[in-house]
Amino acid sequence: MEKGVVLFVKDKLVGALGGLGLVLWYLIGLVLLCIPLYFLNLPFWADALIILAILYLRGIGDVLTFVVWIWAFLSVLKMPLNRVSIVFYVTFAIFCFTSILPVIVNLVISIVQAFKECYMKRKS
0 MEKGVVLFVK
10 DKLVGALGGL
20 GLVLWYLIGL
30 VLLCIPLYFL
40 NLPFWADALI
50 ILAILYLRGI
60 GDVLTFVVWI
70 WAFLSVLKMP
80 LNRVSIVFYV
90 TFAIFCFTSI
100 LPVIVNLVIS
110 IVQAFKECYM
120 KRKS
């Protein structure tokens, strides 16, 4: 997630609800961390290792988060539609808009800038 957006939402929750907002913020984070693992049906020790890696290994944890969400999405696609899978789809959409979309936008912007610089060098 983009740090500016995350801090903005956290500050709004804490400002509006005080300590309850902070508790709510961490509960939302816990749900967003655990919901893809629920659909993967991994053993407890594997879930624990994935959670520890996501929380404490910054670079690897970010990549692992992406892999786990995509893997869970592919697993949920094979399942029948029910209430819990709808909750997953909503949280997956939130994950996509806050994590994947900014990466794609930044990639496109950097490619366009690289082509622009290359064009300017050839022109001069």
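Numbering follows numbering that gives the first Met the number 0, with no gaps: position 109 of the sequence shown is 108. Just so it is clear, CB atoms sit at the ideal spot from N, CA and C, and this is done for glycine as well.
Inset, instruction - Taking Gly18 as part of the alpha helix (DSSP H), name the residues at either end of that continuous run. - result: Here residue 18 refers to the residue found at position 19 of the sequence shown. Taken as a continuous stretch (DSSP letters only), the alpha helix (DSSP H) holding Gly18 covers 18 to 39.
Inset, instruction - Within the same chain, show all residues whose beta-carbon is closer than 6 Å to that of Gly17, passing over the 5 residues directly before and after it, in chain order. - result: On the sequence shown, residue 17 is found 18 positions in, with the first residue counted as 1. Cβ-Cβ distances below 6 Å link Gly17 to nothing in the same chain once the five nearest sequence neighbours on each side are left out.
Inset, instruction - Output the boundary residues of the alpha helix (DSSP H) element that contains Cys117. - result: Stepping through the sequence shown from its first residue, residue 117 is reached at position 118. Cys117 -> alpha helix (DSSP H) spans 100 to 122.
Legend entry - Where Leu56 sits in the DSSP three-state scheme: Numbered from 1 along the sequence shown, position 57 holds the residue referred to as residue 56. Leu56: coil per DSSP, three-state reduction.
Inset, instruction - Work out the CA separation of Phe114 and Tyr25 for me, nearest whole Å. - result: Position 26 of the sequence shown, counted from the start, is the residue given in the question as residue 25. Position 115 of the sequence shown, counted from the start, is the residue given in the question as residue 114. One alpha carbon belongs to Tyr25, the other to Phe114, and they sit about 42 Å apart.
Legend entry - Sub-8 Å separation of Ala52 and Leu63 beta-carbons: Sequence index remark: in the sequence shown, residue 52 carries index 53 (1-based). Sequence index remark: in the sequence shown, residue 63 carries index 64 (1-based). Taking a C-beta distance under 8 Å as the contact criterion, Ala52 and Leu63 qualify as a contact pair.
Legend entry - Straight-line gap, Ser98 to Val8 (C-alpha atoms, nearest Å): Numbered from 1 along the sequence shown, position 99 holds the residue referred to as residue 98. Numbered from 1 along the sequence shown, position 9 holds the residue referred to as residue 8. About 15 Å.
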